[in-house]
Every structure is written in C-alpha cells, then in structure tokens.
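Structure, as structure tokens:
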Ligand code: FES
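Protein chains in written order, with this note's numbering: chain A, 2 to 251; chain H, 12 to 266.
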C-alpha cells in the first residue's frame, strides 16, 4: 500500500519547524510503523537528503524511546501499544498520516521527532528509589508481600517512561508517569520507609520541570502503551495528603 | 504556616483545596435544592400563632432561628455564608492559578491538534461553566437575597411570593433553568473529579464513582428546575398574602 506522510521536520532545538510531505510506497501491513519510517529514510538517504530523525531502541515495546504523535494520538490508533509495536495494517492505502513529536515545555524538541525526556530522569532521581543494604541478595520472600499488592505494584511498574501521558494530556501534566513511579514503590513494604518523602519530593520535582497539573481528563490512561490506570493518580493524591497529615517528610 | 505555603504552591495542594471546597458546594447545592422543593408543599397552620403560612416561608424563617438559643437569630445563615464565600474564594483562586500554570506547560502547541480519546464534554467545558456559574451566583444573590434585581415585586420575607412572581416571567425562569443545566455540566465532571482528587477510589468499585456523579447531578438539576417549571406550568398556585405580611389567613376568623 501507499501512504502519504506529513512529518514534522526541525533542524535543531529552538529552531522553527514545519510539516514536510513524503510518499511511502510499497508498504506492507506487517511492517511496524518504525519499519515504514526506515523505508522512507532509505529512500531519502539514497537521494542524498537528511533522513527523518526519530528515537527508538528496543522495538519491542519495553524501552519507551519511540514516542510519536500519529494523527493527533500519541503512539497512534491502537490501544495499549507503543509506536514500535504499531503495525501498518491499521492504516489503509491512500491514507495521509501526520507525525509530530511530543509537545511539552519539559520535552524540548532536539531534532525532527526527537524530544529530550531527561526531565523524567530528574523526577525519578528525586525519590524513585529505595534505600537498602548492598551485598549479597537476601533470601527471597523474607519480606511478605500480599499478592494483590504485588500485582498492583507491578501494574504501576510496567511504566516505560515514554512520555505519552504528557503528550496526550490537555494540560501537559506528567501525573500518570509520576504516580506510576511513586505508586510502584509506595505500595510495597520495601518502599514504605521513604513513602512520604517520595510522594512529596517527586511531585515537587515534576512541578519544577514545569509540567502541568492534572484535571482528571483521563487522556493519559487512554494513550498509555501499558494502559496504566489513573487509579495510581488517586493513590498518589492520598499519599500526598498522608504526608501533610502526618508531617512525616522533609 | 510554612507547610501551608509549600502545600498550596504545588498543583496537588491546589487541587485538594478545590476538591474540599467542592465537597462544601456539593453539600450546599444539595440542601438548597431540598429547601426549594418546599415550594410544592403549600401552606401550614402555625399552631402557636394561629395563622396560615407558606411552608417555604416557614422554612426560610427557620433557617434564621435554627439553633437558638445557642445561636442567635440569623447566625447559622451568616456562618454558612462565611464558609461558602471562603470556599468560593479558594475554589476560584486555585482554579485560575492551575489554569495559568497549565497554560504554560505546552508553549508550542500541536500543529495538528490532539484528538481527545476519552475526555468528556463536561470535563472540557469546566473552564467555561465555572465562570458562567460565578456570574449566575452574583445575579442570583442580587435577585433573591438582596432583592436589587427585579425589585418591583420583591417583598422581604415573602419568599414563596418572590419566587412565584419572578418565575412568572418566562425569561427569568429560563435564565435559572439554563444556569442549572450549566451547574449540571460542572457537577457531572466535578463530583467524580472531587473523589478522584481526594483519593477516594478503589479499582474494584470505581464504576460507582461515575454513578454517584451522574445520580447526584440529575437529582440536583431536576430538583432545582422543578420550581421554575412548576410555576410556568401552573402547578404551584398563586400566592395570597395579607398585605405586607407573611401571613396568608388567620385561623380564628378564617380570613
Ligand atoms: S522502541 Fe523501545 S518501546 Fe518502542
């Protein structure tokens, strides 16, 4: 099949950008979205033009590098998938596909479709860890964790930090990411000692990056390739209130 | 006080303040709606005085004498007004500040607009229904509380009569009905949102939060618009007061 692409091209940070049209020809349905872009890039390189710059790494939905806004939807039309797992069979011959980078004050565009997501790293640095003794690993199951709690914690831990929640949010809020990161540790006994510090510090780090605030639209959950629930946002709201209620934080 | 500044500075702090003031407004509109329904309940013989009065007027007077002698006359009403004004100031200030903050979060917008997937019409219109409700509240207070607007028919104490006369005019009834529909829009997202923000959730029972929001929105909106509709439709009878009094008739004389 043949599709027309309208791709955001931008030479570098803080430079003006705009859509450029490309024809992607001879695309087969079993190609992933990124393979389709590879095909277009091969053509561009052969013509001596600069290829479209986009981020990617694992190409199996686990690293979170490959975020693109496809036709106004982060990670494109299929639910619970990353861009690299999106297949061209979800499109039709003759379609026009508009591709844009994430838009957020905290995610500056570096080039074309690549954004700098290091703001997320700084949020994690603010509290996304537990303190424990190093040395050889302790006996598994030394600390009992109820199964439903372990499951919920794992649901939050599926976050790959791709930033689709920010990209999809009408307010450019990073609450889903931040609450998944707080949630997966705060739910577990190993994360309890620092729970209130973690909640407050990571929320404050999120705001220092100038991400917006949540107004409960739920767009983040819909865009999340791991379908992480906004229940975690409610959970973190509770942790945050708990921190102020007990005043057990710095 | 340092902790409060820190709390308020964060978006979560502001949201929690919005939610708590939202709980106050929710309680208020629900009770206000309940009180309004007295318009349908006609008259009652006030035993001690030997006079007939409208239940609506008795209720309005009772709000002033409520809690006596611990409270003084009208005191409950003034406490409620104080709490409501404080809640309104906090609700509006937080909303405006969050809005300004959120506006800065995406300085370069999408060239090809985002397509919303799940957000509701009610959620997206909160920034419009909010200010509209604010204007409505100002209008409503100037109309029924102080009697400055539509004042030709306003007589202090004759609550039943004032409501009846105002809603005889179709366009005043319409203003109130439309305002209540906007209130419904605001509540439909607001009630659910209030629970979410306060962390009142349970993944297994979250369907009930939406049901709670829809049910109470419908109860409140229908309860409110029943009065202007009831008057326009002639279900609520015309008032008959003794001149400049809340008395309808005297029991002994039967007048
Ligand atoms: S490339 Fe790793 S998640 Fe898509």
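Virtual Cβ for every residue (Gly too), placed ideally from N, Cα, C.
Please read all numbers here as calculations on a predicted model, not as lab measurements.
Asked	Found
List, from N- to C-terminal side, the beta strand (DSSP E) runs of 3 residues or more that fit wholly inside the region 57-110 of chain H.	62-65
Which runs of the alpha helix (DSSP H) spanning at least 4 residues fall entirely within the region 34-77 of chain A, listed in chain order?	34-47
Hey, quick one: how far does the beta strand (DSSP E) through residue 9 of chain A stretch, first residue to last?	4-11
Whole angstroms is fine: what's the gap from residue 33 of chain A's alpha carbon to residue 85 of chain A's?	6 Å
Do residue 102 of chain A and residue 125 of chain A have their beta-carbon atoms positioned less than 7 Å apart in this structure?	no
Just list the residues that DSSP pairs residue 116 of chain A with in beta bridges.	A:110
According to DSSP, simplified to helix, strand and coil, what is residue 122 of chain H?	coil
Is any heavy atom in the ligand FES found nearer than 6 Å to the beta carbon of residue 64 of chain A?	yes
Which residue marks the beginning of the alpha helix (DSSP H) containing residue 21 of chain A, and which one marks its end?	Element bounds for residue 21 of chain A: not the alpha helix (DSSP H) but the beta strand (DSSP E), 18-25.
If you measure from the CB of residue 57 of chain A, is any heavy atom of the ligand FES nearer than 6 Å?	yes
So is residue 162 of chain H buried or exposed if we call it buried at 16+ other beta carbons inside 10 Å?	exposed
Within the chosen definition, does the region 209-227 of chain A reach the region 22-32 of chain H through at least 3 CB pairs nearer than 8 Å?	yes
Would a check of beta-carbon distances place residue 228 of chain A closer than 7 Å to chain H?	no
Taking Cβ-Cβ distances shorter than 8 Å, what residues in chain A pair up with residue 212 of chain H?	232, 235 and 236
Using a cut-off of 7 Å between C-beta atoms, extract the partners of residue 117 of chain H located in chain A.	104, 105, 106 and 173
So what does DSSP say about residue 208 of chain H, is it helix, strand or coil?	helix
When you measure from the CB of residue 118 of chain A to every non-hydrogen atom of the ligand FES, does any distance come out below 6 Å?	no
For a contact meaning CB atoms closer than 7 Å, what does residue 1 of chain A contact in chain H?	As displayed, chain A neither begins before 2 nor continues past 251, which places residue 1 of chain A out of reach and without an answer.
Using 8 Å as the Cβ pair cut-off and three pairs as the minimum, do the region 138-145 of chain A and the region 157-174 of chain A touch?	no
Just checking: is the beta-carbon of residue 132 of chain H within a distance shorter than 7 Å of some beta-carbon in chain A?	no
Give the secondary structure of residue 244 of chain H by DSSP, where H, G and I count as helix, E and B as strand, and everything else as coil.	coil
Indicate whether residue 255 of chain A and residue 20 of chain A have their beta-carbon atoms separated by less than 7 Å.	Here chain A comprises residues numbered 2 to 251, so residue 255 of chain A is not present and cannot be evaluated.
Between the Cα of residue 233 of chain H and those of H:119, H:45 and H:60, spot the shortest distance and give me the residue it belongs to.	H:45
Roughly how many whole angstroms lie between the Cα atoms of residue 78 of chain A and residue 97 of chain A?	14 Å
On the DSSP bridge list, what partners appear for residue 98 of chain A?	A:6
Give the DSSP bridge partners of residue 213 of chain A, in chain order.	A:174
Take residue 169 of chain A and list the residues in its own chain whose beta-carbon comes closer than 6 Å to its own, dropping the five residues that flank it on each side.	75, 220, 221 and 224
I need the straight-line Cα distance from residue 122 of chain A to residue 112 of chain A, nearest angstrom please.	20 Å
Could you tell me if residue 159 of chain H is buried or exposed, where buried requires 16 or more neighbouring beta carbons within 10 angstroms of its beta carbon?	exposed
Using a Cβ cut-off of 7 Å (strictly closer), state whether residue 130 of chain A contacts chain H.	no
Cβ of residue 18 of chain H within 7 Å of Cβ of residue 245 of chain A?	yes
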